[in-house]
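Structure first, then comments.
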Amino acid sequence: AQKVTQAQTEISVVEKEDVTLDCVYETRDTTYYLFWYKQPPSGELVFLIRRNSFDEQNEISGRYSWNFQKSTSSFNFTITASQVVDSAVYFCALSDPFQGGSEKLVFGKGTKLTVNP
Amino acid sequence: ETGVTQTPRHLVMGMTNKKSLKCEQHLGHNAMYWYKQSAKKPLELMFVYNFKEQTENNSVPSRFSPECPNSSHLFLHLHTLQPEDSALYLCASSQEGQMNTEAFFGQGTRLTVV
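Chains as they are written, first to last, in our numbering: chain A, 134 to 250; chain B, 108 to 221.
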C-alpha cells in the first residue's frame, strides 16, 4: 500500500531562517507522482510542485527548492529565507496515475510551519 | 472567482438533520473528488467522480451520499451524522487522462456535528 510519512508535526522558525520539511514515501509502483501542497489558514490546499518518479532532478522556484532522492524514497522541501507568510500546514502527497485513470492522492499528515517575526 | 468553490464555508448541524455540501469548479475539469480532513489525521479520499461517474467509494459510511449531476458540480448529502464526522470537507477537481495535471482544491466546508 502507498504511504506518505511526514515525521515533523510542527516546526517553528524565526523569519529569514532556512527550513526543510521532510517527506518519505512508500510505494510498490515504478511510475508515480509526488506533490507538495500548502494549506494556509483559509483552508484550501495550494499546489506547489509535482515531480514524476523518472525525474530526479532537483528543482528550485524562488525561495522554494525540492530534493527528490529515489534511493531513500524521500522528497524534501526547503524554504530559504523564510517569511511570516510561509506559515501554513504543508502536505506531501503521492499519486498513482494509472489506477482507473483517477488521480488519487495519498497524503501525509502534514507539517505545521510557523514563521515568527 | 476561484477555480473550485465550496459552499457553505461553515456548517453546524444536529445528528438528525439533513444537509448538503456543494462544490463547483470553473476549470473545465472532468474529475471531482471529496476529501475529509480530520484533526491530526491525514486527508482521506472519500469519493471520486470521473466523467460524472463514481469510480471510487473509499469505504465511506452510507450517511454520506455523493451526487455529481454534471462535470462542474459535486454535492455531498449528509444525514444522521455522528459527532466524529465533524471535519473539514475538501472538494477537488483535476483533468483526468492527462499525466501533467494536479488537483485544485476548494477552501473546504468546516462541518460541526452537535
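Just so it is clear, CB atoms sit at the ideal spot from N, CA and C, and this is done for glycine as well.
Secondary structure note for threonine 247 of chain A: its beta strand (DSSP E) is the uninterrupted segment 244-249. Under the Cβ distance rule, glutamate 191 of chain B does not count among the residues neighbouring chain A, no pair being separated by less than 9 Å.
For the beta strand (DSSP E) assignment, the uninterrupted runs of no fewer than 3 residues enclosed by the region 174-233 of chain A are, from N- to C-terminal side, 179-185, 192-194, 197-202, 207-212, 221-229. Here aspartate 151 of chain A is exposed: its Cβ has fewer than 16 other Cβ atoms, across all protein chains shown, within 10 Å. DSSP places cysteine 175 of chain B inside the beta strand (DSSP E), whose first and last residues are 171-177.
Contact of phenylalanine 168 of chain A with chain B by beta-carbon distance below 9 Å involves Glu209, Ala210.
The three-state reading of DSSP puts glutamate 203 of chain B in coil, since its state is none of H, G, I, E or B.
Not flagged as an interface residue toward chain A: proline 173 of chain B, since no C-beta distance is shorter than 9 Å.
Taking glycine 135 of chain B as reference, the option from B/Ser201, B/Gly215, B/Pro190 with the minimal CA-CA separation is B/Ser201. Rounded to the nearest angstrom, the Cβ distance from leucine 178 of chain A to leucine 197 of chain B is 7 Å, consistent with a contact under 8 Å. In this structure, DSSP gives glutamate 163 of chain B an extended state, which the three-state scheme calls strand. The DSSP assignment places no complete alpha helix (DSSP H) segment of no fewer than 4 residues inside the region 121-167 of chain B.
The beta-carbon of valine 218 of chain A is placed no less than 9 Å from the nearest beta-carbon of chain B. Between the alpha carbons of proline 176 of chain B and threonine 162 of chain B lies a gap of roughly 15 Å. Bounds of any beta strand (DSSP E) do not take in leucine 188 of chain B, whose DSSP letter is neither H nor E. For lysine 149 of chain A, there is no enclosing beta strand (DSSP E), as DSSP marks it with neither H nor E.
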